[in-house]
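Notes for the one structure printed next.
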Amino acid sequence: MSLTPDRVKFLEQKCRQFRIDLINLLHDIQTGHPGGSLSCTEILTTLYFEKMNINPKNFKSADRDRFILSKGHAAPMLYIILAEMGFFPKEELKSLRQINSRLQGHPCAEKTPGVELSTGPLGLGISAAVGMAAVAKADKTENFIYALMGDGEIQEGIVWEAAMAASKYKLDNLIAIIDNNGVQLDGTIEEIMPLGILKDKWQAFGWHVLESDGHDIKEFSNTIDAAKLLKHKPIAIIAHTIKGKGISFMEGKNEWHGKAIGDEEYAKALSELGGEH
Ligand SMILES: Cc1ncc(C[n+]2csc(CCOP(=O)(O)OP(=O)(O)O)c2C)c(N)n1
Ligand SMILES: [Mg+2]
């Protein structure tokens with residue numbers, strides 16, 4: 235069902251607050267990945283607050299939906315959202331990337347409540363997601379497996395092995411989302427390794443393909459609804475996004491993939507977002 239205007243406004247407000255929380259956090263700890271966290275803020279928020287059947291109080295129920303952050307470096311935004319949902323205290327966010335913390339720089343399923351799979355090596359998450367979707371099919375559970383990949387990530391060969399397997403086994407319970415921000419770690423996708431026409435590539439590998447603005451919550455929500463109705467093939471959603479979205483000097487800049495935020499940059503970012511420390 236399409237989101238009401240009030241609900242969209244509520245979720246947009248959440249996203250604004252999550253971006254403020256992210257900047258506060260990464261400035262405090264002087265490390266972390268802002269660019270890729272900011273590009274998937276609306277995607278994660280829509281999935282966790284609107285679409286997925288996940289409950290922190292009953293997290294291990296067999297038929298829960300699964301979310302796999304295959305682009306594991308966006309962990310800060312995932313943690314902010316998991317804390318908001320009540321998986322662990324918000325106070326704990328301050329321990330991000332500290333020795334012995336439950337909140338490592340990349341998600342750790344053994345340590346962190348709410349994390350389904352340890353990720354960080356790109357391409358690994360989608361591969362495990364294919365396995366999870368195959369198990370769900372075999373067990374005849376009604377749940378969906380969602381995996382979020384970066385566009386740089388899909389340059390990894392393992393992604394396409396996983397894509398072939400998902401197609402062979404007709405995993406229509408697998409929804410892979412590509413955070414198509416056009417930028418990777420040390421340059422643009424075009425500079426480093428062009429991907430060609432993504433829609434054609436995924437279709438050629440036997441997938442349904444949908445496209446959406448990845449920052450438009452209503453459109454993205456409708457796209458997820460449409461994806462869930464598709465049958466007999468896995469589904470790829472190409473989400474058009476901007477790396478560093480919401481902070482003018484970070485937008486589209488690979489330099490902000492992983493970089494400490496200086497004091498002046500911090501003040502500017504916060505004023506643009508209209509936030510407070
Ligand atoms: C197998 C592997 N190779 C290299 C890296 C280092 N690395 C981390 S993030 C990244 C760039 C990812 O770009 P993209 O997938 O486009 O992410 P986003 O733009 O969404 O941040 C690289 C090369 C890694 N984590 N894993
Ligand atoms: Mg990218």
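Those letters in the sequence shown? Residues 235 to 511, per the numbering used here, in order. All residues carry an ideal CB built from backbone N, CA and C; glycine is no exception. All values reported here derive from a predicted model rather than from experimental measurement.
Ligand 1 heavy atom lying under 7 angstroms from the CB of residue i
i, result
"Asp-305", "Looking at the sequence provided, one finds Lys at residue 305 rather than Asp. Indeed, a heavy atom of ligand 1 lies less than 7 angstroms from the Cβ."
"Gln-338", "no"
"His-491", "yes"
"Ser-273", "yes"
"Glu-387", "yes"
"Pro-290", "no"
"Gly-266", "no"
"Pro-323", "no"
"Leu-256", "no"
"Gly-430", "no"
"Leu-504", "no"
"Glu-424", "no"
"Gly-184", "This structure does not reach residue 184, given that the chain is present from 235 up to 511, and the question cannot be answered."
"Pro-355", "yes"
"Glu-390", "yes"
Environment of residue i [buried if 16+ CB atoms lie within 10 Å]
i, result
"Val-364", "buried"
"Met-311", "buried"
"Gln-332", "exposed"
"Leu-463", "exposed"
"Gln-528", "The displayed coordinates of the chain run from 235 to 511. Any statement about residue 528 would go beyond what the structure contains."
"Gly-306", "buried"
"Glu-424", "exposed"
"Lys-248", "buried"
"Gly-384", "buried"
"Ala-501", "exposed"
"Ser-304", "buried"
"Phe-301", "buried"
"His-466", "exposed"
"Lys-324", "exposed"
"His-491", "buried"
"Pro-428", "exposed"
"His-261", "buried"
"Thr-238", "exposed"
"His-449", "buried"
"Ile-360", "buried"
"Asn-289", "exposed"
"Lys-328", "exposed"
"Met-366", "buried"
Residue i, DSSP secondary structure in three states
i, result
"Tyr-403", "coil"
"Glu-499", "helix"
"Asn-488", "helix"
"Val-242", "helix"
"Asn-334", "coil"
"Leu-429", "coil"
"Gly-269", "helix"
"Asn-456", "helix"
"Ile-315", "helix"
"Phe-252", "helix"
"Leu-408", "strand"
"Phe-283", "helix"
"Leu-259", "helix"
"His-307", "helix"
"Leu-444", "strand"
"Ile-288", "coil"
"Val-413", "Checking the sequence shown, residue 413 turns out to be Asp, not Val. It is a strand residue."
Residue i CB to nearest heavy atom of ligand 2 below 7 angstroms
i, result
"Val-417", "yes"
"Lys-477", "yes"
"Gly-384", "yes"
"Asp-420", "no"
"Asp-413", "yes"
Any chain B beta carbon closer than 8 angstroms to residue i
i, result
"His-340", "The structure shown has no chain B; it contains just one protein chain."
What are the uninterrupted segments assigned as alpha helix (DSSP H) that are 4 or more residues long and contained completely in the segment 325-394, given in chain order?
DSSP runs (the alpha helix (DSSP H)) wholly in the segment 325-394: 358-373.
Which whole runs of the beta strand (DSSP E) in the segment 459-485 are 3 residues long or more, in chain order?
For the segment 459-485, whole beta strand (DSSP E) runs of length 3 or above, ordered along the chain, are 469-474.
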